[in-house]
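Chains as they are written, first to last, in this note's numbering: chain A, 54 to 405; chain H, 1380 to 1684.
Read the structure below first, then the notes.
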Amino acid sequence: MSGIFPRAVSLMVAFFALVCFATHAPALDMELLGAGATFPQPLYSKMFDAYNQQYKVKINYQGIGSGGGINQLIKKTVDFGGTDAFMTAKELQSAGAPVLHIPTCLGAVVVTYNLPGNSKLNFTPDAVAEIFLGKITKWNDPKIASANPGVKLPDLPVSAVHRADGSGTTYIFSEYLTKVNKEWKEKVGTGKSLKWPAGQIGQKGNPGVAGYVKQTPGAVGYVELLYATQNKMPYGNIKNRAGKFIEPTLKSVSAAANVKIPDDTNVSLTDTEAAAGYPISGFTWLIFYKEQNYGGKAKDRAEALAKLLLWMVGDGQKYVEPLQYAPLSKEAAAKANKLVRSMTYNGAPLVK
Amino acid sequence: MDTGKQRAPSGTDRSEKRFSVCLAGSGLIIVLLLLAIFATLLVTALPAIKEFGIFFFIGRVWDATTETFGALPFLVGTLLTSFLALVISIPFSIAISIFLGEYFKTGAISTFLRSAVEVLAGIPSVIYGLWGLFFLMPAVRFIEMKLGVAPHGVGILTSSLILAIMIIPFSASIGREVITLVPGDLKEAAYSLGATRFEVIRNIVIPYARSGIIAGILLALGRAIGETMAVTMLIGNSNFLPTSIFSPANTMASVIANEFAEATGVTAASLIYVALVLFLVTMVVNIIGTYVIQRISIEASREVS
Chain A
54 MSGIFPRAVS
64 LMVAFFALVC
74 FATHAPALDM
84 ELLGAGATFP
94 QPLYSKMFDA
104 YNQQYKVKIN
114 YQGIGSGGGI
124 NQLIKKTVDF
134 GGTDAFMTAK
144 ELQSAGAPVL
154 HIPTCLGAVV
164 VTYNLPGNSK
174 LNFTPDAVAE
184 IFLGKITKWN
194 DPKIASANPG
204 VKLPDLPVSA
214 VHRADGSGTT
224 YIFSEYLTKV
234 NKEWKEKVGT
244 GKSLKWPAGQ
254 IGQKGNPGVA
264 GYVKQTPGAV
274 GYVELLYATQ
284 NKMPYGNIKN
294 RAGKFIEPTL
304 KSVSAAANVK
314 IPDDTNVSLT
324 DTEAAAGYPI
334 SGFTWLIFYK
344 EQNYGGKAKD
354 RAEALAKLLL
364 WMVGDGQKYV
374 EPLQYAPLSK
384 EAAAKANKLV
394 RSMTYNGAPL
404 VK
Chain H
1380 MDTGKQRAPS
1390 GTDRSEKRFS
1400 VCLAGSGLII
1410 VLLLLAIFAT
1420 LLVTALPAIK
1430 EFGIFFFIGR
1440 VWDATTETFG
1450 ALPFLVGTLL
1460 TSFLALVISI
1470 PFSIAISIFL
1480 GEYFKTGAIS
1490 TFLRSAVEVL
1500 AGIPSVIYGL
1510 WGLFFLMPAV
1520 RFIEMKLGVA
1530 PHGVGILTSS
1540 LILAIMIIPF
1550 SASIGREVIT
1560 LVPGDLKEAA
1570 YSLGATRFEV
1580 IRNIVIPYAR
1590 SGIIAGILLA
1600 LGRAIGETMA
1610 VTMLIGNSNF
1620 LPTSIFSPAN
1630 TMASVIANEF
1640 AEATGVTAAS
1650 LIYVALVLFL
1660 VTMVVNIIGT
1670 YVIQRISIEA
1680 SREVS
């Protein structure tokens, strides 16, 4: 008996030692840490893998969501964050020091549905808003039918489904509807999670929404373009500000960014003025501190970060399109490049 | 001290002491952990507690864009789905316990059924959720269409059904254990007085095993209250008070899991406040459970003696 307990005690000691060791393990040098948006994660994984092979710098990016990315950056636990929404004034203020945003690629949100035959449908902005406000309840409603001459719409109830989890997808979608529909603006507004009409179904993640739509005749939801194309789901064309019904493609999404981009790249591309642009598009950004000397960060680490960011908006852009993301326009890439070059270490520029 | 004889017991004494210190230490760690969890929740929820106070419990609006938060819909959703699941599961779990504990104690059928029930307990909840999405949802949708209510397919009823299936193994296996523990001579005495098998089960077995059966049911309730994944997939995640058992709703665990990743500021604090409420609800259910078990076992011992 007395033999067992010392062993148990030593096991416990070993366990605690392990726990202590694990938390105090020295961080590997030159492993850049990032966290944030899940939407661009597949692209970032590919980019970081290629960068590691070429420049021998390891980058660890965790897809914990845009809000998490902002939090982690402000807590200074990561070198850079990823977000689908430009940081709010409040968030920028709580960051304590200037934070820069650079766009890396574009994403789009599409309206997907489940109807007999699943023919391509056209949606006006008001039709989309009223579907998700619960005001259009039948598929043969004149507001949908008038935009789709020649398509026989069934007398099916519309079951709208939204994202139940807070997400950048919801943010872009609601930002668009806030711009184009007054009632939406007053009743729902813009956000990562919203006060949806009572009784409307919510599902978790793109797969949850997609699963519900596939299972339910008459269902309609919104998912990322990438997710819809990968899963061969039907999705509608949306009428843009120029009055044209635009099919969401990489080209039309990239075209949405053919507008004047401000120097800090804080531009909302939803309801874009670009004539060939798909209206529910948006940038996804990487965020980082302008002044890199904080929390005892070494200069070579800051330099490695700056070089990586330059590469991502430069050479790294060649990985964007093969992975079905929409690449940055020349103008956007140039602005991003300039922003990275404005990074400093002790006030001196990091890269020339 | 002066003889070798005394050294041996003192050695045992020392290991006894070490043993009890070890036990007390482990026990203390658990209590401290509980307090630490409570304290962490309380501190991180403080901004929301300051903002909404006690009205959080009766607030019906959950709106992140205007930062207005009330947890009533989730509180109602959690309690409604859990208790409904409990009500659905009780007949099945009692039937399984009696069947396995009284009718088929040994043999191939018993082994097979018992392991089947145990396997049910081990299935990850996301798999229940997926099965619910592909089988239960269309089935409930079909029923809803027949009844003429909005055919969502997901909602309170669907999630209660999946929860019921998930908690049956817990109450059934504990129920079976206590039923097999009913002393044979008590049952034989009843048989010798001419009681039928049904009468023995009704008048001897169930009263004797009652506290154990109820303990199992309460344990199952605890599991139902905290279940997240399967419920998230099947409840419809609508942040409003449910109007019928077919309407979509949301539970505390589900809203936390859904919204926490993207939440900042007051929204995050409010979600932690919800976690605190969930923590308290689970604690209250457990305390009530312990009390009920005590009461019943006292009554039962009185009845049997």
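The beta carbon of each residue, even a glycine, is placed where N, CA and C say it ideally should be.
Tell me which residue opens and which closes the beta strand (DSSP E) that residue i is part of.
| i | result |
| --- | --- |
| N290/A | N290 to K292 |
| R1576/H | Per DSSP, R1576/H belongs to no beta strand (DSSP E); it is in the alpha helix (DSSP H), R1576 to V1579. |
| K111/A | K111 to G116 |
| L85/A | E84 to G89 |
| Q256/A | I254 to Q256 |
| G1595/H | Careful: G1595/H lies outside any beta strand (DSSP E), inside the alpha helix (DSSP H) at I1585 to G1605. |
Check whether chain H comes within 8 Å of residue i, counting only Cβ atoms and requiring the distance to be less than that.
| i | result |
| --- | --- |
| N124/A | yes |
| L230/A | no |
| S212/A | yes |
| A251/A | yes |
| G335/A | no |
| L339/A | no |
| L71/A | For L71/A, the predicted structure reports a pLDDT of 48, less than 50, and the residue's modelled location is therefore unreliable. A value from the coordinates is still provided. Judged by the 8 Å Cβ criterion, L71/A is not in contact with chain H. |
| E277/A | no |
| S220/A | yes |
| E84/A | no |
| A217/A | yes |
| P79/A | With a pLDDT of 40 at P79/A, under the threshold of 50, the modelled position of this residue cannot be trusted; read the value that follows with caution. P79/A does not count as touching chain H. |
| Y97/A | no |
Do residue j and residue i have their beta-carbon atoms positioned less than 8 Å apart in this structure?
| i | j | result |
| --- | --- | --- |
| T1460/H | S1550/H | no |
| E1430/H | T1646/H | no |
| N284/A | T1643/H | no |
| A351/A | M396/A | no |
| I1541/H | G1511/H | yes |
| G1635/H | A1648/H | Contrary to the premise, residue 1635/H reads as Ile rather than Gly in this sequence. No, these two residues do not count as a Cβ contact at 8 Å. |
| P1686/H | N1665/H | The question about residue 1686/H has no answer here: the residues shown for chain H are numbered 1380 through 1684. |
| I184/A | T323/A | no |
| W1441/H | F1434/H | no |
| K248/A | T1622/H | no |
| N1637/H | A217/A | yes |
| G160/A | Y378/A | yes |
| S1472/H | G1527/H | no |
| A200/A | N175/A | yes |
| S389/A | T318/A | For clarity, residue 389/A is Ala in the given sequence; the question names Ser instead. Taking 8 Å as the Cβ cut-off, A389/A and T318/A qualify as a contacting pair. |
| L1613/H | G1508/H | yes |
| K245/A | G120/A | yes |
| A272/A | S334/A | no |
| Y265/A | P332/A | no |
What does residue i reach in chain H if we use C-beta pairs closer than 9 Å?
| i | result |
| --- | --- |
| I254/A | H1531, G1532, V1533, G1534, G1615, N1616, S1617 and P1627 |
| L247/A | D1442, A1443 and T1444 |
Which chain H residues sit within Cβ distance under 8 Å of residue i?
| i | result |
| --- | --- |
| I117/A | A1640 |
Mind pulling the chain A residues with CB within less than 7 Å of residue i?
| i | result |
| --- | --- |
| G1516/H | One detail in the question is off: residue 1516/H reads as Met in this sequence, not Gly. Result: Q268. |
| M1545/H | Per Cβ cutoff of 7 Å: no residues; M1545/H is ~18 Å from chain A at best. |
| M1631/H | Ordered by position in chain A, no residue passes the 7 Å Cβ test against M1631/H, which lies about 14 Å from the chain. |
Using the beta-carbon of each residue, which ones in chain A are nearer than 9 Å to residue i?
| i | result |
| --- | --- |
| L1451/H | Chain A residues near L1451/H: none, gap ~14 Å exceeds 9 Å. |
| M1612/H | Q256, K257, G261 and G264 |
Shorter than 8 Å from the beta carbon of residue i to some beta carbon of chain A?
| i | result |
| --- | --- |
| L1402/H | no |
| N1637/H | yes |
| T1643/H | yes |
| S1399/H | no |
| Q1385/H | Only weak support is given to the placement of Q1385/H: the predicted model assigns it a pLDDT of 49, under 50, and the value that follows is read from those uncertain coordinates. Chain A, which has no Cβ nearer than 8 Å to the Cβ of Q1385/H, makes this no. |
Let's see if you can read the secondary structure: which residues bound the alpha helix (DSSP H) around residue i?
| i | result |
| --- | --- |
| Y224/A | G221 to V233 |
| V241/A | Taken as a continuous stretch (DSSP letters only), V241/A belongs to no alpha helix (DSSP H), as it is neither H nor E. |
What residues of chain H sit near residue i, judged by a beta carbon separation below 7 Å?
| i | result |
| --- | --- |
| G264/A | L1512 |
| G120/A | A1640, E1641, A1642 and T1643 |
Contact residues within the segment 1407-1439 of chain H, judged by C-beta distance below 7 Å to chain A = If the cut-off is 7 Å between Cβ atoms, the segment 1407-1439 of chain H has nothing near chain A.
If contact means a Cβ-Cβ distance below 9 Å, which residues of the segment 233-246 of chain A contact chain H?
-> Against chain H - using a Cβ distance shorter than 9 Å - the residues of the segment 233-246 of chain A are V241, G242, T243, G244, K245 and S246.
Short-range partners of chain H found in the segment 273-305 of chain A, where Cβ spacing is below 8 Å | When CB distances to chain H are screened at a threshold of 8 Å, not a single residue of the segment 273-305 of chain A falls below it.
When Cβ atoms are compared, which residues of the segment 133-159 of chain A fall closer than 8 Å to chain H?
-> Within the segment 133-159 of chain A, K143 and E144 place their CB atoms closer than 8 Å to a CB of chain H, listed in sequence order.
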